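In the UniProt record's numbering, the protein residues as written are 1 to 251.
Beta carbons are placed, not taken as given, at the ideal position from N, Cα and C, and that holds for glycine.
Since the model is a prediction, treat every value here as computed from it, not as a measurement.
What follows is one structure encoded as structure tokens, with my remarks underneath.
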Amino acid sequence: MKQLLVIGIGAGNPDYITMQAVKALNRVDVFFLLDKGQSKQTLIDLRREICERYITDHAYRFVEASSPERERGDVDYTASVDALNRAKQQTFEQLINEELSDGQCGGFLIWGDPALYDSTLRILQAIQASGRCQFEYEVIPGITSVQALAAQHKIPLNSIGRSVEITTGRRLAAGQVSEADSLVVMLDAEDSYQRVADRQTEIFWGAYLGTPDEVLISGRLADVADEIERVRKAARAEHGWIMDTYLLRKP
């Protein structure tokens, strides 16, 4: 039987790798890397660096494949994500069938944690349900950008006895109303914090968390929102991509 390990590798710092993840890395024969273009080559390079640092006395190889792209623009978001995951499913099936022999172990290195805003587990479940691939898999958790954000700002995620909610920039921009005192926002491509009505709300923002390019800004929206937007735009222009997360806390 083929084995797959879905390994959370943390939010960007190789030191975020857990001991469980290190043990998992040393079981993998074939690592599957999905190339998202030259602008995100840094993400591929980090995965290779992690393997070089932590794998000892175990032969392994990398197999790269082009990652399908989601249709953007004026399209139905849910439909475009469904189409993207179907395309990824075909890519995953091909990799597992053609690059992994029976009895071998394959590995997917997942940014952050496989359970939070990542589609790999859903895709593997769909492949198993289709019956076109036979394999068993395990999930190894990782440190998320949410945890890294709180650590770098030296703050707790929650107020005492209060709730925390994790959402997306798309939902915030659409006018999401939350009862949570602390709202963590991920996958925000549109500076949606600018639409928060109460400008006394505190924001704790971070980009490229755990990497040498890390940027942190915090304060009241009234004071720092424009600065975040300016810094974010400049960073994206410099690197060709940006991964950022922020926490909004009611005053």
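Could you give the DSSP three-state label for residue i: helix, strand or coil?
i	result
C105	strand
G169	helix
A225	helix
I50	helix
E136	strand
F186	One detail in the question is off: residue 186 reads as Met in this sequence, not Phe. Correct three-state label for M186: strand.
K88	helix
V231	helix
V146	helix
K250	coil
A24	helix
I123	helix
Quick one: Cα of residue i to Cα of residue j, how far?
i	j	result
R232	I242	8 Å
P156	V215	19 Å
V184	D223	19 Å
residue 255	E99	No statement about residue 255 is possible, as the shown extent of the chain runs from 1 to 251 and does not include it.
V75	A83	12 Å
Q104	E136	11 Å
A126	G8	20 Å
A235	M1	45 Å
R171	D102	43 Å
L124	Q200	43 Å
Y246	V177	17 Å
F204	N158	13 Å
Q3	Y77	33 Å
Counting only the same chain and skipping the five closest in sequence on each side, list residues whose C-beta sits under 7 Å from that of residue i.
i	result
V81	R70
Taking its Cβ as the centre, do 16 or more other Cβ atoms sit within 10 Å of residue i, making it buried, or is it exposed?
i	result
Y193	buried
A207	buried
Q134	exposed
A89	Residue 89 is actually Gln in this sequence, not Ala. Burial call: buried.
I160	exposed
Ignore the nearest five residues each way along the sequence and tell me which others in residue i's own chain have a CB closer than 6 Å to its CB.
i	result
R249	S182, E202
R122	none
Does the segment 9-21 come within contact of the segment 140-153, defined as at least 3 CB pairs closer than 8 Å? yes
Determine contact between the segment 95-109 and the segment 24-37, defined as no fewer than three beta-carbon pairs at a distance below 8 Å. yes
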